[in-house]
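The opening position of the sequence shown corresponds to residue 165 in this note's numbering, with each subsequent residue numbered one higher.
Okay, structure first, notes after.
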Amino acid sequence: MKKARVAADSLFGVAAASITPRTWAVQRSLTLLRVFLVASAAILLAGAVVLSSVLSSRLKGQVIDDARSSLAQYVDGVLHPQLVQHDAVAVHPQLSRQLVDELRRRPEIVTVKVWRSNGVLAWTNRARRRIGQRFEIDGSLGAALRKNESVAQIEVPDREENAVERSLGFGRLLEVYAPIEDASNHRAIGAYEIYADPKRSEHLITANKHAIWAAVTMVFLLLYLALALLVRTASRTLRRQAASLAARSAELSEAYAVLEQDALEAVATLNATVDARDPYTAGHSQRVQEIALSVARELGIEGRELDAIGHAGLFHDIGKLGVPDAILTKPAKLTEQEYELMKQHPADGAKIVAKFGRLRDAVPLIHHHHERWDGQGYPHGLAADSIPLGAAIVGLADAWDAMTTDRPYHRALDPAEAEAELRKHRGTQFAPVVVDAFFRVFERPGATDRDPVRTTQPLRVVTRTA
């Protein structure tokens with residue numbers, strides 16, 4: 165019997181631990197795949213935006229840099245031979261018209277200013293009245309002179325010095341600042357300030373930006389579609405696995421229910437073996453269960469708690485399997501050593517019953533059904549309300565059946581004597597509320613002289629279907 169019980173308990177663990185976690189894991193994997201797909205879309209979108217922005221910014225810089233280089237080289241090629249003499253910027257009046265004509269060959273050039281290093285405007289093709297005036301050198305012009313480097317940017321001509329360009333209708337200008345180097349190309353002796361129409365550069369920037377955004381969007385869209393296809397394939401596989409596991413789970417759940425019933429019946433058989441070992445206690449467990457259930461219902465107990473009391477009443481003595489027959493059926497008073505061994509049966513019974521999931525609520529009731537209200541019971545000496553109510557109910561039912569049944573060491577008490585014993589020990593051995601409920605059941609019509617709960621239907625091993 166023990167082998168059957170152990171095998172059943174082992175199979176319970178397999179059924180409970182193998183299917184439910186796997187099904188849950190599959191469902192969780194499906195959820196994670198959806199989250200992954202959404203997160204991937206967000207990451208790819210962010211990546212596309214960042215990459216397109218970076219490429220567009222670099223493209224803009226490259227276009228402006230190319231325009232700067234082209235304009236600076238052209239202007240320097242036209243003006244440098246005429247303006248730079250002996251490492252100094254010098255302009256002859258008769259050269260002015262010639263220079264203007266040369267610059268007109270590049271129609272995008274709006275204004276050219278030639279500066280000396282001391283801030284004097286040496287020459288310009290527009291508003292030539294400013295030639296010879298000295299201005300403060302700052303900003304990009306100052307940087308070109310100090311660092312001997314050319315710079316360029318597209319700006320709105322909103323400064324006072326750009327009034328001429330604004331009057332020509334330019335809302336934006338490509339501004340180029342390039343140093344005029346001496347013969348050794350090591351020192352800036354002046355600088356060019358070139359204003360050009362930015363339309364061509366802006367057109368190139370816009371067209372290439374559109375191409376970049378379109379290309380990046382297409383690449384990332386294809387990546388996302390490929391990823392979505394992979395996720396969809398994985399999702400379908402997981403769904404098939406989930407369906408298969410669900411079917412397997414249903415099969416194992418049904419097998420588990422049958423196995424559990426068989427195991428509980430095996431335990432019931434073991435329990436009946438305890439009663440059968442002593443002819444005086446035949447049917448004892450069934451009667452204790454009936455009495456305990458009647459008292460519990462009188463106290464308004466129902467549901468799982470009622471089931472636990474029924475199971476505890478039926479299996480309260482199963483721990484006596486470990487008690488030798490010589491002690492269990494001894495017709496005389498037990499020795500102290502024998503009594504200590506007998507007192508172990510509640511704990512042993514609780515250990516046996518704890519192996520079965522549906523009986524676990526009954527474990528503390530079996531463990532403590534020999535506790536006393538005054539704390540003088542065993543195994544832990546619990547007292548009063550610290551004793552589980554179900555244990556107190558089973559303990560009274562056990563005591564009543566023991567008093568009203570012939571045993572080797574005493575004759576059965578008649579109902580009046582047993583009633584007197586219960587009243588005598590109310591509040592010492594037995595819980596007052598349990599004693600009172602017992603007598604309310606006892607006083608009802610239909611109770612027999614010996615057993616006040618014969619009209620009660622006993623609780624079977626399987627008590628509820630839901």
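We treat Cβ as the ideally placed atom computed from N, Cα and C, and that holds for glycine.
Because the structure is a prediction, the values reported are computed rather than measured.
Check                                                                                                                                                                               : Outcome
Expressed to the nearest angstrom, what Euclidean distance is found between the alpha-carbon atoms of Ala286 and Arg298?                                                            : 9 Å
Which residues share a DSSP beta bridge with Tyr356?                                                                                                                                : Val278 and Ala342
Run through DSSP, which three-state label would His574 get?                                                                                                                         : strand
To the nearest angstrom, how far is it from the Cα of Phe602 to the Cα of Arg590?                                                                                                   : 11 Å
Report yes or no: do the segment 533 to 545 and the segment 584 to 599 share at least 3 C-beta pairs separated by less than 8 Å?                                                    : yes
Is DSSP giving Leu402 helix, strand or coil here?                                                                                                                                   : helix
With Ala316 and Asp229 assumed to form a contact (beta carbons below 8 Å), what rounded beta-carbon distance in angstroms separates them?                                           : 7 Å
Quick one: Cα of Val340 to Cα of Leu201, how far?                                                                                                                                   : 48 Å
How big is the Cα-Cα spacing for Thr569 and Leu577?                                                                                                                                 : 7 Å
Return the residue from the list Asn312, Lys311, Gly335 and Ala548 that minimises the CA-CA distance to Leu319.                                                                     : Going by the sequence as given, residue 319 is Glu instead of Leu. The shortest C-alpha separation from Glu319 is found at Gly335.
Can you tell me whether Ala411 is buried or exposed, with buried defined as 16 or more other CB within 10 angstroms of its CB?                                                      : exposed
Following the continuous beta strand (DSSP E) through Glu319, name the residue where it begins and the one where it ends.                                                           : Val315 to Glu319
On the DSSP bridge assignment, give the partners of Trp287 in chain order.                                                                                                          : Val278
As a quick exercise: from Glu466, Glu504, Ser399 and Val527, pick the residue whose alpha carbon is nearest that of Lys475.                                                         : Residue identity differs from the one stated: residue 475 is His in this sequence, not Lys. Among Glu466, Glu504, Ser399 and Val527, the Cα nearest to that of His475 is on Val527.
Going by DSSP, name the residue or residues bridged to Phe594.                                                                                                                      : Arg590
Let me confirm a value: Arg280 is counted as buried when at least 16 other C-beta atoms fall within 10 Å, else exposed. Which label applies?                                        : buried
Could you compute how far the alpha carbon of Lys363 sits from the alpha carbon of Val227?                                                                                          : 12 Å
Between Phe176 and the rest of its own chain, which residues show a CB-CB distance below 8 Å, the 5 nearest in sequence each way excluded?                                          : Any reading at Phe176 must be qualified, since the residue scores a pLDDT of 42, below 50, and its modelled position is unreliable; the value itself is stated next. Only Tyr420, Leu423, Glu424, Ala427, Phe520 and Gly521 meet the Cβ criterion.
So, at 6 Å on beta carbons, what are the nonlocal neighbours of Val597 in its own chain, with the 5 sequence-adjacent residues on each side left out?                               : none
Taking the alpha-carbon positions, what's the Ala407 to Val199 distance?                                                                                                            : 21 Å
Check whether the Cβ atoms of Val452 and Val605 sit closer than 8 Å, and answer yes or no.                                                                                          : no
Which stretch, first to last residue, makes up the alpha helix (DSSP H) that contains Ala334?                                                                                       : The residue asked about is misnamed: residue 334 is Phe in this sequence, not Ala. No alpha helix (DSSP H) holds Phe334; DSSP gives it neither H nor E.
With a 10 Å radius around its C-beta and 16 neighbouring C-beta atoms as the bar for buried, classify Pro161 as buried or exposed.                                                  : Lying outside 165 to 630, the shown extent of the chain, residue 161 is not represented and no answer is given.
Counting C-beta neighbours from all protein chains within 10 Å, is the total for Ser550 16 or more, i.e. buried, or is it exposed?                                                  : exposed
CA-CA distance, Glu504 and Pro510?                                                                                                                                                  : 12 Å
Within 10 Å of its beta-carbon, does Gly303 have 16 or more other beta-carbons around it, so buried, or fewer, so exposed?                                                          : exposed
In the DSSP assignment, find the alpha helix (DSSP H) that holds Ser516 and state where it starts and stops.                                                                        : Looking at the sequence itself, residue 516 is Ile, so the reference to Ser does not match. Start and end: His509 to Val517.
Closest to Lys507 by CA distance: which of Arg575, Ile491 and Ala518 is it?                                                                                                         : Ile491
In the DSSP assignment, the alpha helix (DSSP H) including Phe299 goes from what residue to what residue?                                                                           : Premise fails: Phe299 is in no alpha helix (DSSP H) and is neither H nor E.
Kindly list the residues whose CB is nearer than 8 Å to the CB of Val242, restricted to its own chain and excluding five residues on each side of it in sequence; keep chain order. : Leu263, Glu266 and Leu267
How would you write the range of the alpha helix (DSSP H) that Trp564 sits in, first residue to last?                                                                               : Leu553 to Met567
Looking at Leu523 and His532, is the spacing between their C-beta atoms short of 8 Å?                                                                                               : no
What three-state label does DSSP hand Gln540 in the structure shown?                                                                                                                : coil
Based on the DSSP output, what are the partners of Ile376 in its beta bridges?                                                                                                      : Paired residues: none, contrary to the question.
Have a look at Gly513 and Arg608 and give me their C-alpha separation to the nearest angstrom.                                                                                      : 33 Å
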